[in-house]
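Residue numbers (this note's numbering): 410 to 746. Built from N, CA and C at the ideal position, the CB exists for glycine as well. The block underneath contains the structure these notes are about, expressed in structure tokens.
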């Protein structure tokens, strides 16, 4: 039986420290760009630094682990990218002060884990790269999967305000951390303090007559907005849409700030990556939301690095989830039978 208490403590610490590093890189975007001569390099540096920190902390606290991460160190090992490597090492040393180049490269490559194991961690070190570059929403998303089911979810949202009255398109000074164990609820805490007392959050069902607020990706390539508009028109209730990047959308639904996250496929055959949904989906589900694909099927994380048996995402409290799935079926937008 896994020691979930120990695992959640380690993963919470890992994501908190990675959030500190990412915030530091984001605060020095122009400086990093000047060093690397690359407009997109700050997110590259933050990606690598975040993965290195998470892998390092998990191994220090838990021993040998299997981690399926998004990044590999090959890019940093190439001579042409020496400036990126130097910037990554500088970022990592914000919290891992005695890290060497070899330490950082080895930690990044811990993320080359094999999904054939019965249980493993999966990490998106920076989910929402364009949000990161715009100084808007992004997430450090860490999930633990057992037999195809996420059982631990930890998500750092460094720019997401805890105050629900604050705008979602502006960076917050503190940010939020969400974490939970399957069957034991989900908690919210400040993103910059691993020892802060958490607050348990519960998603109440959506009451008929209230407007339905849907959150969708900022990037149009990530979801079919026309299909989403058709779904909302078919439901026929008052609705509105807010756009934000990353798995922060799951958190916004989990805490009741929005009523649905709909991700309609933009092209046939597209397969979602497990690290893009494991942590967020578990957090939203533990708060009381229903999380499935667009056909109403549970998300299946047992088929390698992709959600091979699923198409799209619908995350919403039960009443709204039922309305959305019903509309998708009525409009013929789901998978062919």
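Taking buried to mean at least 16 other C-beta atoms within 10 Å of its own C-beta, is residue i buried or exposed?
i	result
residue 608	exposed
residue 526	exposed
residue 670	buried
residue 567	buried
residue 488	exposed
residue 604	exposed
residue 440	exposed
residue 479	buried
residue 507	exposed
residue 617	exposed
residue 533	buried
residue 436	exposed
residue 537	buried
residue 472	exposed
residue 626	buried
residue 657	buried
Would you call the CB atoms of residue i and residue j closer than 9 Å?
i	j	result
residue 431	residue 535	yes
residue 500	residue 458	yes
residue 562	residue 589	yes
residue 688	residue 612	no
residue 615	residue 668	yes
residue 564	residue 549	yes
residue 680	residue 715	yes
residue 743	residue 704	yes
residue 713	residue 683	yes
residue 659	residue 700	yes
residue 485	residue 514	yes
residue 476	residue 560	no
Mapping DSSP to helix, strand and coil, what is residue i?
i	result
residue 541	helix
residue 728	helix
residue 713	coil
residue 640	helix
residue 514	helix
residue 735	helix
residue 414	helix
residue 506	coil
residue 610	strand
residue 593	coil
residue 564	strand
residue 528	strand
residue 664	coil
residue 622	strand
Out of curiosity, what's the CA-to-CA distance linking residue i and residue j?
i	j	result
residue 421	residue 411	16 Å
residue 419	residue 492	31 Å
residue 582	residue 601	9 Å
residue 558	residue 591	9 Å
residue 445	residue 496	8 Å
residue 630	residue 427	27 Å
residue 502	residue 547	22 Å
residue 634	residue 655	16 Å
residue 598	residue 516	27 Å
residue 504	residue 447	25 Å
residue 462	residue 518	12 Å
residue 619	residue 653	22 Å
residue 453	residue 728	40 Å
residue 726	residue 606	26 Å
residue 456	residue 465	14 Å
For chain B, is any of its Cβ atoms less than 9 Å away from the one on residue i?
i	result
residue 643	The structure shown has no chain B; it contains just one protein chain.
If you pair each beta-carbon of the segment 639-650 with each one of the segment 725-737, do three or more pairs fall below 8 Å?
yes
Flag this pair as touching only if the segment 681-694 and the segment 571-586 have three or more C-beta atom pairs under 8 Å; answer yes or no.
no
Is the number of C-beta pairs between the segment 675-683 and the segment 646-653 that are closer than 8 Å three or more?
no
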